[in-house]
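Colleague: Protein chains in written order, with this note's numbering: chain D, 6 to 486; chain W, 6 to 486. All C-beta atoms, glycine included, are put in the ideal place defined by N, C-alpha and C. What you are looking at is a predicted structure, and each value in this text was computed from that prediction instead of being measured.
2 protein chains.
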Amino acid sequence: MLHLDKNSGDYLYRQVIDLVVENIESGTLEPGDRLPSLRRMSKHAGVSVPTVRQAYVELERQRKVESRPKSGFYVRNQLRNDIVRPSPGVAPDPGPLQCRSLMERVYEGIYNPELVPLGVANPTMARPAAKSLNRAMKRTLSGADEAVLSYAASHGALPLRRQIAWHYFDTLGARVDPESICITNGGQEGLLLALKAVTRPGDIVAVESPTYHGILELIDSLDLLAVDVSTCPEEGVMTGRLTEVLDRHEVKACVFSTTLNNPLGVTMPDEDRRRLADILADRGIPLIEDDVYGELRFDGVRPVPVQFLDRGVDVITVGSFSKTVAPGYRIGWVVSSSRHDEIHRLKRSFSITSAFVQQLTLADFMSSGDYTRHLNGLRPVLKRNCERMSALVAQHFPAETRVSQPAGGSVLWLELPKSVSGECLFDDALAAGISINPGRIYTPCGCYENFIRLSFGHRWDQRTEDAVKWLGRHVSELAAA
Amino acid sequence: MLHLDKNSGDYLYRQVIDLVVENIESGTLEPGDRLPSLRRMSKHAGVSVPTVRQAYVELERQRKVESRPKSGFYVRNQLRNDIVRPSPGVAPDPGPLQCRSLMERVYEGIYNPELVPLGVANPTMARPAAKSLNRAMKRTLSGADEAVLSYAASHGALPLRRQIAWHYFDTLGARVDPESICITNGGQEGLLLALKAVTRPGDIVAVESPTYHGILELIDSLDLLAVDVSTCPEEGVMTGRLTEVLDRHEVKACVFSTTLNNPLGVTMPDEDRRRLADILADRGIPLIEDDVYGELRFDGVRPVPVQFLDRGVDVITVGSFSKTVAPGYRIGWVVSSSRHDEIHRLKRSFSITSAFVQQLTLADFMSSGDYTRHLNGLRPVLKRNCERMSALVAQHFPAETRVSQPAGGSVLWLELPKSVSGECLFDDALAAGISINPGRIYTPCGCYENFIRLSFGHRWDQRTEDAVKWLGRHVSELAAA
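1. Check Y328(W) in the structure and name its three-state DSSP category.
2. Return the residues of the region 343-361 of chain W that lie within a Cβ-Cβ distance of less than 8 Å from chain D, sorted by chain order.
3. What does the alpha-carbon distance come out to for the pair V416(D) and G427(D)?
4. So which of H345(W), L421(W) and V309(W) has the shortest CA-CA distance to C187(W)?
5. Anything in chain W within Cβ reach of P133(D), meaning under 7 Å, just list it in chain order.
6. Look at the Cβ atom of L221(D), then the Cβ atom of V234(D), and state whether they are nearer than 9 Å.
7. Look up G484(W) in the DSSP assignment and say whether it is helix, strand or coil.
8. Using a Cβ-Cβ cutoff of less than 8 Å, which residues in the same chain neighbour I22(D) once the five nearest sequence positions on both sides are dropped?
9. For a quick check, are the C-beta atoms of V54(D) and L40(D) less than 9 Å apart?
10. Candidates R73(W), R58(W) and V80(W): which alpha carbon is nearest S31(W)'s?
11. Between N455(D) and the ligand NAP, is there a pair consisting of the residue's CB and a ligand heavy atom that are separated by less than 8 Å?
12. So who's on the other strand from F261(D), going by DSSP bridges?
13. Could you check where the alpha helix (DSSP H) with R73(W) kicks off and where it finishes?
14. Kindly confirm or deny that the region 110-129 of chain D and the region 255-266 of chain D touch, where touching means at least three C-beta pairs closer than 8 Å.
15. If you measure between the beta carbons of L419(W) and F456(W), is that distance less than 9 Å?
16. Which same chain residues end up closer than 8 Å to R468(W) when comparing Cβ atoms and leaving out the 5 residues on each side of it in sequence?
17. Can a CB atom of chain D be found closer than 9 Å to the CB of N455(W)?
18. Give me whichever residues DSSP pairs with A211(W) in a beta bridge.
19. Checking the sheet assignment: what are the DSSP bridge partners for F361(W)?
20. Tell me whether the beta-carbon of S159(W) lies closer than 9 Å to the beta-carbon of Y334(D).
21. Between the Cα of P215(W) and those of D466(W), Q67(W) and N442(W), spot the shortest distance and give me the residue it belongs to.
22. From the DSSP output, read off the bridge partner residues of P422(W).
23. Which residues in chain W sit within 7 Å of T129(D), going by Cβ to Cβ distance?
24. Taking 9 Å as the threshold (C-beta atoms), are S325(D) and I336(D) in contact?
25. Beta-carbon of P206(W) versus every beta-carbon of chain D: anything under 9 Å?
26. Could you check where the alpha helix (DSSP H) with I220(W) kicks off and where it finishes?
27. At which residues does the alpha helix (DSSP H) containing V153(D) begin and terminate?
28. CA-CA distance, V210(W) and T244(W)?
29. Over what stretch of residues does the beta strand (DSSP E) that includes R458(W) continue unbroken?
30. Just curious, the beta strand (DSSP E) that W338(D) is in, first and last residue?
31. Drop a sphere of 10 angstroms on the beta-carbon of E119(W), count the other beta-carbons inside from all chains shown, and report buried for 16 or more, exposed for fewer.
32. I need the straight-line Cα distance from R205(D) to K75(W), nearest angstrom please.
33. Tell me the start and end of each unbroken alpha helix (DSSP H) in the region 354-417 of chain W that is at least 4 residues and wholly inside, in chain order.
34. Would you check if the region 225-241 of chain W and the region 178-185 of chain W touch, i.e. whether three or more CB-CB distances between them fall below 8 Å?
35. Apply the 10 Å Cβ neighbour rule to V480(D) and answer buried if 16 or more other Cβ atoms are within range, or exposed otherwise.
36. Residue range of the beta strand (DSSP E) that G77(D) falls in?
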């Protein structure tokens, strides 16, 4: 119940905000409780409906409450939701990957359908587009006949490159020449081509900490060395730290995810993106921008990749349909104007071209509007899954647990009590039929020992709930031991 | 007309052979003429039908005549069909690829549908399996629903790995563990993974001369150096030369095509395979065996890959559906027992996994028997195309032209008169609407200037005939100039 303070003041808007915050802090309003409707609050507080709306929106911005479509505003789960900012130490020198064997063990479990899949990041499975996609593929097969059996152009089928270019224009107003796009075997091959295009064996590459484990494995396979740059939940890549790293090491390329990075889920604010671009432009260091989660913000806002900021930095942007449509299609792409020829040549020498049927199917899927409809349907499901999983973590994990609050994507990044080993938890969870990812695979240098990544990108069911509860209980036990 | 010698002798069988040879040599029987039927010859020569058959088969073995199913025996085109054996010089030292810019120009034309496609080696297009394949894919889509949208296991879908293993057993009696197979994005990614698994940047890799240009480009992209080993039309890789090269250079791997190599079309005889295996086993050098044409001998005989000879050599065999079923599917594989873990890890870090729908479709295509039926239908068409193109070359190219006589595959390798530049011919042909491949892209060291490769792997039509005639005329003009 709300206790309404009837005093009026100059800023009615401010009054509504204070009122709600006070009630949340006192515990009168609990996480999950619905705020009074706009009309009701207007009546209670004696302010206009638009003013209440304005106040609620401000509260949402402050992450105190959240709106649910056609339902109203709710008090958010007040999780211990700040991942600790990395402490200002000196990053370790680049060295060989220390988590190879652990990574192997993680992968062993990742494709096991018997396990509760909290390990693999596969957002599309939260709401698969199977029907419309399979329909589009059958149309493609019927229409194209034997042409789809043959080679597509090395850098990809023109209809798909055109659709991707058009989508950039449609969502971002960015003008992309279809000839500057190269279709790849998923985002992973995009990263491979990009890295090969800008480095030589032995070079040092800067990565986020924590970063997607597939980047670390790739860097290792290419005989490159990774150096960590601290990433924080507010800004993403910490540009101050980046400068320090660039001063200390001869970095030949950076691989950063600017939107919804994996596993932290942070999106770099525009001013940080610009600062990042300027730092790299100034030093002539190319940026490989991993943008495979760019479409998956819950609010549907599409942040502008550094590629399109026009700050004079050499950017290769990697996109993919694996996180948005179908990982099994193995279709991603690379956008680069300055490096296109080299990337095209590498694509040809590494795998000739990508699967033709999928390229034409995706071109059809995009041009028919099914792609946009699918994304619009997927985002709220992911959001709901995120809320459910966050609430379960808040409820069942020990008090010291900290958890990321991603604005999109499909993963949570958890900092467990210091004494709990993510690797032990991984082993125990596997034995209990649950796959999770231990934090140590997200860095080359062996830290994040007490971190784990949990995926909410799958169909939510009782198994998921039980698994998260089990994990929470088990972490409490490990912490107490 | 045959002039029959009525003298009888001890060896009626020999008599029939002499009779036919004599008539061919005198010009009475011309290339393409049909021999008398078994019954008719039996009557004319006064020998039994089985004896005549035995004689005809011996003539076929001697490549004097050829049998055509349900039609009879025909006089073969007596081409100047010996590619000159490489002269016994010392192979050049390994160095950077000298034909990069020429290769770029070749690729520009390769996917241009306006050109007569004598450049690209795409045998399946001679008789596409579109109907049965598209049917299999639609079945897969209907049956598997949303599962096919997700990731397959990194090293490939088990049903396909099982079918491939079974096919090895079925055709060769070879026992292959499906777990030692890794599905790749076509044979090209198979070569990539194999090379990465056994080399470090800067290493020297031995290749055939001439060899498939895609291998050279790949070696260059991986910062490796290629060294030539002479290949001849009788034995394939000349093992004597190989020994010399291995004595001179610290070779870390060999990439050889043992069956129907590209572009020479030679299949290594069994004894040479064994010798090759022993040399490499003795020195502990791994062999990357490019076996993508293994199924495409016109006679349907499947030579045994070195992989299955059990001679103690470390072999990684690369197979593919690109030359047999559908290059647009981008599905190939690698077989390796000793290197499997490393190859699997590289596959994951380079492209995660391969397209799922295609893997299940091909598993269906194989298990239904469609694969074998398709190959049985494809081989005679390729054979017929080969004969037609060889006959046109014999008829329209200058007398000094030498041409390979492949026993399968989809390409002819032509040695033009010394004064004719394959590169000039390539340029002129392009201007005339014909794509061909100049010989220089088949070696890292800049030789084969007066060689070209012509593909007969497409639907034969008047355009093809006219193109080969035009090429012959133009070569004559260039030779005379």
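Modeller: Quick look at the numbers:
1. In the sequence on display, residue 328(W) carries Lys and not Tyr. Reduced to three states, the DSSP call for K328(W) is coil.
2. R350, L351, R353, S354, F355, S356, I357, T358, S359, A360 and F361
3. 16 Å
4. H345(W)
5. E151 and L154
6. no
7. Residue 484(W) is actually Ala in this sequence, not Gly. If DSSP states are grouped into helix, strand and coil, A484(W) belongs with the helices.
8. A60, E63 and L64
9. no
10. V80(W)
11. For the structure depicted, the ligand NAP is absent and the ligand set is empty, with no information on it obtainable.
12. E294(D)
13. Careful: R73(W) lies outside any alpha helix (DSSP H), inside the beta strand (DSSP E) at V70 to R73.
14. no
15. yes
16. V121
17. no
18. V232(W) and C259(W)
19. DSSP lists no partner for F361(W).
20. no
21. N442(W)
22. Per DSSP, none; premise fails for P422(W).
23. L154
24. yes
25. yes
26. H218 to S226
27. It is not in any alpha helix (DSSP H) - V153(D) carries neither H nor E in the DSSP assignment.
28. 16 Å
29. F456 to S460
30. G337 to V340
31. exposed
32. 59 Å
33. 361-372 and 375-401
34. no
35. buried
36. G77 to V80
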